[in-house]
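In the working numbering, the protein residues as written are 139 to 564. Since the structure comes first, as structure tokens, the remarks are kept for the end.
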């Protein structure tokens, strides 16, 4: 489904970029639409706030777009600037290859291997790259051990929890997450992931080169979710209390535009006694997305949940389907003129893909230049349906996606022939 469109005066997915080097795309909103305060802070900004021993807490302003957009003001026990060592880290497995020959593709994330046991796999160094381009990298992880401390300085991260549970520990506090949760981590947030439960969580990770946030058309001019939005502030969860840990000479892996660096800090970064502002990590569960339906088939923008730099994220949820007496509930054939469509199938039974070999944990990539649509017979079979029980996360990118090593390792090479009548399933 083509989830991209040129921006109308009343809003939309955001403008589609021109050819590289000819224009810039408007950046999406970042941060949160409302203010939050956690822990202890002084009554006025940038005033004396002393510790029990009489020394000053160290302020840290986390702000985007310089000093002209959302920010949070954090109060540390130690200096957040005290770096005692830094070294470049060699990183492999981040190379990508073009989608050649051009064709629709199907990948099975359930076939990805992760070295569980000793030493195990974590959610940072154990990520496997599925796809990438100049705007976004898309990875998968199945961690069974706690990750190192990590900070992505290239942009925001969005993690979708397919199954299982985990604890995201951050400088802002901790977030307990489970199946169906989206976790949004602002750029340069120091965090680590602690797996929870008996089975490792399955994490679908989106690394942006800019900011990710709710679509502008869902928000008022002052940042409140509108009545027309399919989710709102009540559906979101943020940190509720500080997370304070002790430690000296603590390592943090930092991703930046030129690679990966291990920085060693004099004090543990989790020494924030309080903070306030509109920039912080938050969680939204896909089951709290309220589907927008109509008498005839609704286009993919009604499912949009987030927007990022040159990409959007949509949530396809169980819903009542089209109720015109002559409606065809499954989507029509369509061509991705301006975007690549990547669909991650996470629950239920996706009606349009029956007979294609796609199942739970599958990823389908329908690139620009290829027309795609429901499998043969799916349109006729959907007539009279009143409800679809399906859950999927879709990412549409406005620049072509390249294939990472994890994609090439799990491809169903016969998928592109699945629209030919009489072709056997792989």
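Beta carbons are placed, not taken as given, at the ideal position from N, Cα and C, and that holds for glycine.
- Here the C-alpha atom of residue 351 lies approximately 27 Å from the C-alpha atom of residue 284.
- Taking all protein chains shown into account, residue 513 has 16 or more neighbouring C-beta atoms within 10 Å of its C-beta and is therefore buried.
- Taken through DSSP and simplified to helix, strand or coil, residue 441 comes out as helix.
- Under the three-state reduction of DSSP output, residue 544 falls in the helix class.
- One thing to note: residue 276 has its Cβ within 8 Å of the Cβ of residue 344.
- Between the C-alpha atoms of residue 552 and residue 535 there is a straight-line separation of about 24 Å.
- Rounded to the nearest angstrom, the gap between the Cα atoms of residue 557 and residue 515 is 10 Å.
- An exposed status is given to residue 239, since fewer than 16 other beta-carbon atoms sit within 10 Å of its beta-carbon.
- Per DSSP, the beta bridge partners of residue 308 are 311, 329.
- In this structure, DSSP gives residue 502 an extended state, which the three-state scheme calls strand.
- Taken through DSSP and simplified to helix, strand or coil, residue 270 comes out as strand.
- Burial is judged here by how many other beta carbons sit within 10 angstroms of a residue's own beta carbon; residue 434 has fewer than 16 and is exposed.
- Counted as a single uninterrupted DSSP element, the beta strand (DSSP E) harbouring residue 197 occupies residues 196–201.
- DSSP places residue 320 within a strand segment (E or B) once states are collapsed to three.
- Per DSSP, the unbroken beta strand (DSSP E) holding residue 528 starts and ends at 528–535.
- The Cβ atoms of residue 368 and residue 428 lie closer than 8 Å to each other.
- If you look at residue 359, you'll find it isn't in any alpha helix (DSSP H); DSSP assigns it neither H nor E.
- Under a 10 Å Cβ-count criterion, residue 176 is classified as buried, with 16 or more other Cβ atoms of the shown protein chains found around its own Cβ.
- In chain order, 471, 472, 473 place their CB closer than 8 Å to the CB of residue 509, counting only its own chain and leaving out the 5 sequence neighbours on each side.
- Residue pairing by DSSP puts residue 301 in a beta bridge opposite 340.
- According to the DSSP secondary-structure assignment, residue 414 is paired through a beta bridge with 175, 211.
- Residue 248 carries a helical assignment under DSSP once its states are collapsed to helix, strand and coil.
- Remark: three or more beta-carbon pairs, one from each stretch, lie closer than 8 Å, so the stretch 226–235 and the stretch 537–551 are flagged as touching.
- For residue 520, the enclosing alpha helix (DSSP H) begins and ends at 516–520.
- Between residue 404 and residue 220 the beta-carbon gap is near 4 Å, inside 8 Å, which marks them as a contact.
- The alpha-carbon separation between residue 244 and residue 454 amounts to approximately 18 Å.
- In the three-state DSSP reduction, residue 434 falls in the coil class, being neither helix nor strand.
- The bridge partners DSSP lists for residue 403 are 221, 388.
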